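If you want this note's numbering, it's the position in the sequence shown, counting the first as 1, plus 1.
We treat Cβ as the ideally placed atom computed from N, Cα and C, and that holds for glycine.
Note that the structure is predicted; figures quoted are calculated from it, not measured.
A short write-up of the structure that comes next.
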Amino acid sequence: DDATSVAWSPDGSKIATGSKDTTVRIWDAVTGQELKLLTGHTGLIWGLAWSQDSNRVASASADGTVRIWDTTTGETTMTLTEHSGVVWAVSWSSDDSKLATASADGTVRVWDAATGTNTAILSTIPGNVFIGVDWSPDNSQIASGSSSSNVEIWALPSP
2 DDATSVAWSP DGSKIATGSK DTTVRIWDAV TGQELKLLTG HTGLIWGLAW SQDSNRVASA
62 SADGTVRIWD TTTGETTMTL TEHSGVVWAV SWSSDDSKLA TASADGTVRV WDAATGTNTA
122 ILSTIPGNVF IGVDWSPDNS QIASGSSSSN VEIWALPSP
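Given below as structure tokens:
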């Protein structure tokens, strides 16, 4: 099926692809061989992000969930389910401790990557569709892009 998202692992050894058929595939970046087929989403995959250690990949789906996958075993280690709309994008913090997600439900959320706890909702703009999200290098801010043609910068509270 058509690939809807792609992400290269930080160590350069693997590529993840998400597709309309609701799967995530892990590929060897040198040989092109499929290493893992990850199944569990019920909607197409819009966004992918690798952890810095290249051991996990997070997938954002039209089914309203984000899944974290162990790329060695191919198993889902966590499913984030608090969004009420399509999740367009996901991004890991540089220390792999948190995830940020952007959704059609008008929210940008921050999650604890160890527990799956939603630790912050950065926006609740009705009718706004957040389609992109990324962390600042020092993890103190999150940038998001939206259907309103705005880029928002969100300052995070100190831990």
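Straight-line Cα distance separating residue j from residue i
i	j	result
E153	V7	24 angstroms
A17	A90	14 angstroms
L81	P138	24 angstroms
D135	W93	8 angstroms
L100	D3	26 angstroms
V111	E76	23 angstroms
A156	Q142	5 angstroms
H42	A63	9 angstroms
D97	N56	11 angstroms
Coil, strand or helix - residue i by DSSP
i	result
Q34	coil
E76	coil
Q142	strand
T18	strand
A63	coil
A114	coil
D54	coil
V1	Residue 1 lies beyond the range of the chain shown here (2 to 160); nothing can be said about it.
V175	A question about residue 175 goes unanswered here, because the residues of the chain that appear run from 2 up to 160.
S147	strand
Buried/exposed call for residue i, threshold 16 Cβ in 10 Å
i	result
T118	exposed
G13	exposed
G107	buried
N129	buried
A50	buried
Start and end residues, beta strand (DSSP E) containing residue i
i	result
I69	67-71
K1	Coverage of the chain is limited to positions 2 through 160, which leaves residue 1 absent and any answer about it impossible.
N119	119-122
E153	152-156
Rounded Cβ spacing between residue i and residue j (contact assumed at less than 8 angstroms)
i	j	result
S20	L45	7 angstroms
V58	V25	7 angstroms
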